[in-house]
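Right, one structure below, let's go through it.
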Amino acid sequence: MMNYEIFKEVVKEKFMDYMPEKFKGMELVVEPVEKVNVTLDGIILREEGRNISPTIYINDMYKKYQDCGDLEETLMAACDFMERAYEQVPVVDVDSIMKDANEKIVFQLINTEQNKTFLEQVPHREFQDLSIVYKVIISADKDAVQSSKITNEFAKRLGMSEEQLFKCAAENTRRLFPPVVRSMNDIMKEMFARDGMPQEIAEMMIAEIPPEQTMWVISNEKGINGAASMLYENGLHELAESLESDLYILPSSVHEVIAVSSDMGSPEMLAQMVVEVNMQEVSLDERLSNQVYHYDKDLRKLTLATDTPNKRLDGIVAEPPLVYDAKEKSR
């Protein structure tokens with residue numbers, strides 16, 4: 144079986160052979176695409192007069208190749224996906240986006256350490272071990288949100304500084320994606336109900352847990368990139384006041400965080416749980432942090448509660464630099 148680098152070169156050479164005839168005049172471009180927490184090898188088909196094209200990833204193709212062991216099957220599946228994606232890609236009016244962008248700019252939280260290269264390309268501001276980055280919403284419905292990242296070049300075209308982006312995003316994110324704080328107990332009961340479980344049985348399975356021992360999920364109404372909702376301090380303060388305690392905030396993913404009473408355990412213990420869940424249950428592109436945050440209800444301030452050594456989210460541990468003894472040996 145080919146290793147990834149050889150597979151990538153073969154895909155570059157063979158991909159267009161499997162595309163339908165109507166795509167033959169297009170230029171195949173393979174380029175690195177900076178995604179949250181990871182850099183992928185993207186394939187796009189460039190066509191004159193078209194300003195947007197779907198992207199598929201060689202990394203995903205390689206996973207399929209590893210599973211099926213058949214190069215031709217992998218290429219055919221990828222080309223079929225590209226054809227369907229090309230037919231479904233929306234027509235984007237760039238002028239329209241530019242015209243009212245300040246009404247559609249929102250922010251997202253990502254991990255700083257894991258996204259150093261990406262952060263060089265976009266306006267951002269740091270928040271604890273995280274960074275606030277910006278997107279402009281193209282379309283949104285109950286099932287999906289289509290957006291475009293705001294790069295340094297895009298911000299320049301908009302004529303907006305990072306400070307201006309933050310001001311717009313702080314207002315728009317709350318309006319377009321209202322923050323939501325929900326009890327984990329209520330969420331579990333709804334899940335059981337959707338599966339057809341009678342309410343009384345669901346009630347028995349989830350015994351009433353005192354509020355101070357309950358987990359609270361903080362996200363937004365769509366559940367997409369909802370971790371940024373913890374930037375709105377009012378929700379944290381209301382929860383802390385109702386529990387009559389400070390809070391620890393556990394970063395469940397980029398989509399949500401979990402708040403618990405500070406009486407639930409030590410931040411170090413909670414951080415260890417976060418790391419284990421990240422590595423075992425959360426896909427790399429959705430991980431937010433391995434740290435735990437502390438919300439002080441009296442100071443109304445959110446700070447880092449831990450400083451664990453495993454700051455990277457991909458499990459890679461940086462090796463210490465080699466130290467060479469440069470002393471001249473005595474003769």
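Letter 139 of the sequence shown, counting from 1, is numbered 282 in the working numbering, and no numbers are missing.
From the three backbone atoms N, C-alpha and C, an ideal C-beta is built for every residue, glycine too.
Report buried or exposed for residue i, applying the criterion of at least 16 other Cβ atoms within 10 angstroms of its Cβ.
i, result
"Tyr-208", "buried"
"Glu-152", "exposed"
"Leu-465", "Because Leu-465 carries a pLDDT of 48, less than 50, the predicted location of this residue cannot be relied on, and the following value inherits that uncertainty. Leu-465 is exposed by the Cβ-count criterion."
"Lys-247", "buried"
"Ser-385", "exposed"
"Ser-282", "exposed"
"Lys-470", "Low confidence applies to Lys-470: its pLDDT is 44, below 50, so where it sits in the model is not reliable, and the reading given next is rough at best. Label assigned to Lys-470: exposed."
"Tyr-467", "With a pLDDT of 47 at Tyr-467, under the threshold of 50, the modelled position of this residue cannot be trusted, and the question is left open."
"Met-412", "exposed"
"Val-232", "exposed"
"Pro-341", "exposed"
"Val-172", "exposed"
"Ile-149", "exposed"
"Thr-182", "exposed"
In the DSSP output, what is residue i paired with across the bridge?
i, result
"Ala-283", "Val-288"
"Arg-189", "Glu-170"
"Lys-178", "Val-181"
"Asn-254", "Leu-273"
"Ile-199", "Ile-186"
"Val-249", "Lys-278"
"Arg-268", "Ile-275"
Hey, would you say residue i sits closer than 9 angstroms to residue j, going by beta carbons?
i, j, result
"Met-225", "Ile-199", "yes"
"Val-265", "Val-279", "no"
"Ser-404", "Gln-434", "no"
"His-267", "Glu-230", "no"
"Met-327", "Met-358", "yes"
"Glu-256", "Arg-455", "yes"
"Ser-388", "Leu-273", "no"
"Phe-261", "Phe-309", "no"
"Gln-271", "Tyr-436", "yes"
"Phe-297", "Ser-290", "no"
Rounded to the nearest angstrom, how far is the Cβ of residue i from that of residue j, given a contact under 8 angstroms?
i, j, result
"Val-397", "Leu-252", "7 angstroms"
"Ala-244", "Leu-301", "6 angstroms"
"Ile-361", "Pro-322", "7 angstroms"
"Ala-220", "Pro-197", "Between Pro-197 and Ala-220 the Cβ distance is about 15 angstroms, and since that is not below 8 angstroms, they are no contact."
"Asn-180", "Asn-254", "6 angstroms"
Self-check item: Residue ranges of each beta strand (DSSP E) within the region 398 to 447, 3 or longer
Solution: Correct list: 399 to 404, 436 to 439, 444 to 447.
Exercise. Could you tell me which uninterrupted alpha helix (DSSP H) segments, each at least 4 residues in length, are contained entirely in the region 323 to 402, listed from first to last along the chain?
Key: 327 to 337, 342 to 348, 376 to 386
Self-check item: Secondary structure, alpha helix (DSSP H): runs of 4+ residues fully inside the region 204 to 245
Solution: 214 to 231, 237 to 242
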